[in-house]
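>
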Amino acid sequence: MSKTAYVRTKPHLNIGTMGHVDHGKTTLTAAITKVLAERGSGTFVPFDRIDKAPEEAARGITINIAHVEYETDTRHYAHVDMPGHADYIKNMVTGAAQLDGAILVVSAADGIMPQTAEHVLLARQVGVDHIVVALNKADTGDAELIELVELEVRDLLSQHGYDGDSVPVVPVSGLKALDGDPRWTASIEALLDAVDTYVPMPERYVDAPFLLPVENVLTITGRGTVVTGAIERGTVRMGDRVQVLGAEVESVVTGLETFGKPMDEAQAGDNVALLLRGVPRDAVRRGHVVAAPGSVQPARRFTAQVYVLSGREGGRTTPLTTGYRPQFYIRTADVVGDVDLGEAAVARPGDTVTMTVELGRDVPLESGLGFAIREGGRTVGAGTVTEVIG
Ligand SMILES: Nc1nc2c(ncn2[C@@H]2O[C@H](COP(=O)(O)OP(=O)(O)OP(=O)(O)O)[C@@H](O)[C@H]2O)c(=O)[nH]1
Ligand SMILES: [Mg+2]
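Position one of the sequence shown corresponds to residue 1 (full-length UniProt numbering), numbered consecutively onward.
1) Identify whether serine 251 lies in helix, strand or coil by the three-state DSSP scheme.
2) So which of Val252, Gln267, Val133 and Val308 has the shortest CA-CA distance to tyrosine 324?
3) Any heavy atom of ligand 2 closer than 8 Å to the CB of glycine 84?
4) As a quick check of your reading: which residues have a C-beta less than 5 Å from at least one non-hydrogen atom of ligand 2, in chain order?
5) DSSP three-state label for methionine 1, please.
6) Please tell me whether, using a cut-off of 8 Å, the distance from the CB of aspartate 110 to the nearest non-hydrogen atom of ligand 1 is below it.
7) How is isoleucine 15 classed by DSSP in three states: helix, strand or coil?
8) Which residue comes first and which comes last in the alpha helix (DSSP H) that contains phenylalanine 47?
9) Using the Cα positions of phenylalanine 118 and glutamate 313, report the straight-line distance between them to the nearest angstrom.
10) Between which residues of its own chain and isoleucine 389 is the CB-CB distance below 8 Å, once the five residues before and five after are set aside?
11) Using the C-alpha atoms, what's the distance from proline 262 back to methionine 1?
12) Taking the alpha-carbon positions, what's the alanine 190 to serine 173 distance?
13) Would you kindly work out how many angstroms separate the C-alpha atoms of alanine 344 and isoleucine 220, rounded to a whole number?
14) If you follow the beta strand (DSSP E) that glutamate 387 is part of, which residue opens it and which one closes it?
15) Going by DSSP, name the residue or residues bridged to glycine 370.
16) Any contact between the stretch 117-132 and the stretch 39-58? By contact I mean 3 or more CB pairs, one from each, below 8 Å.
17) Suppose you measure from the CA of threonine 258 to the CA of leucine 145; what does that come to, to the nearest Å?
18) For the 8 Å Cβ check, are there 3 or more pairs between the stretch 14-32 and the stretch 99-116?
19) Going by DSSP, which residues form a beta bridge with asparagine 216?
20) Among Val339, Thr26, Ala291 and Arg237, which has the Cα closest to the Cα of glutamate 248?
21) Round the Cβ separation of valine 170 and valine 106 to the nearest angstrom and send it over; I've been treating them as touching at under 8 Å.
22) Going straight from the alpha carbon of glutamine 125 to that of valine 380, what length do you get?
23) Beta-carbon within less than 8 Å of proline 293's beta-carbon, same chain only, minus the 5 sequence neighbours each way: which residues are those?
24) Between alanine 108 and threonine 140, is the Cβ-Cβ spacing less than 9 Å?
25) When you measure from the CB of aspartate 81 to every non-hydrogen atom of ligand 1, does any distance come out below 8 Å?
26) Out of His160, Ile231 and Glu71, point me to the one whose CA is closest to valine 206's CA.
27) Does the structure place the stretch 274-290 close enough to the stretch 18-36 that three or more beta carbon pairs sit under 8 Å?
28) Using three-state DSSP, classify threonine 9 as helix, strand or coil.
29) Check whether the Cβ of alanine 5 lies closer than 8 Å to any heavy atom of ligand 3, and answer yes or no.
30) Who are the near neighbours of arginine 374 in its chain, counting only those whose CB is closer than 6 Å to its CB and skipping five residues on each side?
31) Tell me where the alpha helix (DSSP H) around glutamate 343 begins and ends.
32) Within 8 Å, do at least three Cβ pairs link the stretch 194-201 to the stretch 155-164?
33) Note down the Cα distance separating phenylalanine 44 from glycine 377, rounded to an integer number of angstroms.
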């Protein structure tokens, strides 16, 4: 069966829903696709097609990130629906790493909760510069409560370096919009307008050497190994030679698709699936990087500026010292690393410190790259690479 090729008619952006567990991210994602499908631009993706794993259905939570696509009048979006549950932050970080903007979903009935704050911090760290707030479940709350939650969210965003005063905050009801209630269908339209206008089209480095952080790996029986993710920079064409950093193999791109639609060429920002010739399924993993051969030099040692979260922010309550070995979340990778604090030797919760890190394996690094530090299921630090040592 031949598939319809992807035709680039509008600028493409990557957005997604993040926020605390059960605040309604998946419901809102389904509602957005429904409202737009009714406008004739896209396909409705029902809730159970987004949370489709049996464990997700049984537990009523999102575990894996899921991608849907839709179009507004002015833009084409790939939308990643991220899990809110604290146990699946790892998947959330992978999703957030590819976003140009995020929809922070906050239940107007509950207000900000631990993963609301953690997601904002992580989004900031992985380079999400623009957030639009959906005050969901607005059908349940009274106006006064909604106003209070709005103030609280603006404050939280300001604390993390976002412009909390100017961020659009839109009261919505994903559930009622899914039901077709016109008042709440209009709230989804208002949210999408806010995303269209508030999240700018990022600069795309289409002329840079190709680089794609691997989000997922799958096998197409009889055809080979497919890697998926959002292209960070550059352009890739059918037949291009690429290098898989992490797997240390070279390959040729023999298939290229976005949301099931074939393309001859994909560029920075596109959310794609690449079929790689002759690469065994188990050689490639999330966290590896596919790049133009020789274009990046992986490294494992770097210096960084790191903020150590306080106990109140969900971080450690005790200082960390040289020799500390947490996990570093860099792009889609999580890698163990040894921390050296130099002469300071100790960093207390709430401190901003300079550290030297030696990772457990080589990864493509560059100064300015943001990362998160996690330990035993919680985020303990947020940092930026200041210098790559080698
Ligand atoms: N009243 C009301 N309930 C809602 C609304 N949106 C979602 N819900 C309910 O809230 C619960 C959680 O919804 P989900 O969409 O699964 O929440 P989620 O944020 O995706 O949860 P995780 O992905 O597990 O973090 C479900 O029972 C929904 O029906 C809303 O706008 N109003
Ligand atoms: Mg969900």
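Positions of the beta carbon are idealized from the N, C-alpha and C atoms, including for glycine.
Concretely, from the data shown:
1) Serine 251: strand per DSSP, three-state reduction.
2) Closest option to tyrosine 324, Cα to Cα, is Val308.
3) Flag set: Cβ of glycine 84 near ligand 2.
4) For ligand 2, the residues with a Cβ under 5 Å from any of its heavy atoms are, in chain order, Lys25, Thr26 and Thr62.
5) Note on methionine 1: pLDDT 44, under 50, position unreliable in the model; no value is reported.
6) In this structure, aspartate 110 has its CB at a distance of at least 8 Å from all heavy atoms of ligand 1.
7) Here isoleucine 15 sits in strand by DSSP.
8) 47-50 is the extent of the alpha helix (DSSP H) around phenylalanine 47.
9) It should be pointed out that residue 118 corresponds to glutamate in this sequence rather than to phenylalanine. Straight-line Cα distance between these residues: approximately 8 Å.
10) Ala299, Arg301, Phe302, Thr303 and Thr356, listed in sequence order.
11) Per-residue confidence for methionine 1 stands at a pLDDT of 44, beneath the threshold of 50, marking its modelled position as unreliable; no derived number is given.
12) Answer to the nearest angstrom: the Cα atoms are 12 Å apart.
13) About 52 Å.
14) Counted as a single uninterrupted DSSP element, the beta strand (DSSP E) harbouring glutamate 387 occupies residues 378-388.
15) Beta bridge pairing from DSSP links glycine 370 with Thr384.
16) The stretch 117-132, when compared against the stretch 39-58, does not touch it at the 8 Å Cβ threshold.
17) As the crow flies, the alpha-carbon of threonine 258 is around 41 Å from that of leucine 145.
18) By the Cβ criterion, the stretch 14-32 is in contact with the stretch 99-116, since at least three pairs of Cβ atoms, one from each stretch, lie closer than 8 Å.
19) For asparagine 216, the beta-bridge partners assigned by DSSP are Thr228.
20) Measuring from the Cα of glutamate 248, the nearest candidate turns out to be Ala291.
21) Contact flag wrong, Cβ pair sits at about 11 Å.
22) Whole-angstrom Cα-Cα distance: 12 Å.
23) Arg241, Val242, Gln243 and Glu250.
24) Yes, Cβ-Cβ distance for alanine 108 and threonine 140 is below 9 Å.
25) With a cut-off of 8 Å, the C-beta of aspartate 81 is classified as near ligand 1, since at least one heavy atom of the ligand falls inside that distance.
26) Of the candidates His160, Ile231 and Glu71, the residue whose Cα lies closest to the Cα of valine 206 is Ile231.
27) Between the stretch 18-36 and the stretch 274-290 there are fewer than three inter-stretch CB-CB distances shorter than 8 Å, so the stretches are not counted as touching.
28) Reduced to three states, the DSSP call for threonine 9 is coil.
29) By its list of ligands, the structure shown excludes ligand 3, since it contains just ligand 1 and ligand 2.
30) Taking C-beta separations shorter than 6 Å and ignoring five residues to either side along the sequence, the partners of arginine 374 in its chain run Gln327, following chain order.
31) Premise fails: glutamate 343 is in no alpha helix (DSSP H) and is neither H nor E.
32) Verdict: no, contact absent.
33) So the two alpha carbons sit approximately 35 Å from each other.
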